[in-house]
Amino acid sequence: MAALKSRYDHLLGTERPEIVEIVNWAAGNGDRSENGDYLYGRKRMREIDRELRHLSRRMKASRVLDPAQQPDKTRVFFGATVELADEDDMRQTVTLVGDDEQDAGAGRIGWSSPLAKAIRGAAIGDVKSVRLPSGLRDWEVVAIDYPAAKGTNTS
Numbered sequence: 003m004a005a006l007k008s009r010y011d012h013l014l015g016t017e018r019p020e021i022v023e024i025v026n027w028a029a030g031n032g033d034r035s036e037n038g039d040y041l042y043g044r045k046r047m048r049e050i051d052r053e054l055r056h057l058s059r060r061m062k063a064s065r066v067l068d069p070a071q072q073p074d075k076t077r078v079f080f081g082a083t084v085e086l087a088d089e090d091d092m093r094q095t096v097t098l099v100g101d102d103e104q105d106a107g108a109g110r111i112g113w114s115s116p117l118a119k120a121i122r123g124a125a126i127g128d129v130k131s132v133r134l135p136s137g138l139r140d141w142e143v144v145a146i147d148y149p150a151a152k153g154t155n156t157s
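The sequence shown runs 3 to 157 under the working numbering.
Shown next, in the form of structure tokens:
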């Protein structure tokens, strides 16, 4: 949510006013039909407005959840860090995050991804099948972890 709000504020408070200023300056230079600054500025302003509408809808539809407050930490839900093992005992650790936060390289998979959908609600020892572009693959849930509540000493 913080990243969405930051991007929205940057577009609305910085980029859009700069483009409006450029468009106003370019409009005062005469013929708008062949004025590159004017045409590009109008196009960029439409792009910014489109992104602002998209971000606004995403923020209204989003809910901020604290994974540490999850009442059932024995099952995989939003915010869980899960260790998985495939048929060849190759292990992979993933954290289920919002779709806007996903970063597969860092092990953060989006809530709507095929793997996340397959392991939602799973407990340790459950084997889940995931249909990937390379074919069907089975994953066993080996461990489930949730972050500690803020202010809680875990040692």
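Using N, Cα and C, we set each Cβ at its ideal position, and we do this for glycine too.
1) Quickly, what does DSSP pair D140 with across the bridge? List them, please.
2) Starting from A120, follow the alpha helix (DSSP H) in both directions and report where the run begins and ends.
3) Look up A82 in the DSSP assignment and give the residues it is bridged to.
4) Less than 9 angstroms separating the beta-carbons of E89 and V144?
5) Please return the same chain residues whose Cβ sits closer than 6 angstroms to the Cβ of E142, not counting the five positions on each side in sequence.
6) For the 8 angstroms Cβ check, are there 3 or more pairs between the segment 96-109 and the segment 74-83?
7) From this set, A108, G107, R139, which residue's C-alpha is nearest M92's C-alpha?
8) G30 CB to nearest chain D CB: under 9 angstroms?
Once the coordinates are examined:
1) S131
2) 116-121
3) Paired residue(s): none; A82 is not in a bridge.
4) no
5) A87, V129
6) yes
7) R139
8) Any reference to chain D falls outside this structure, which holds one protein chain only.
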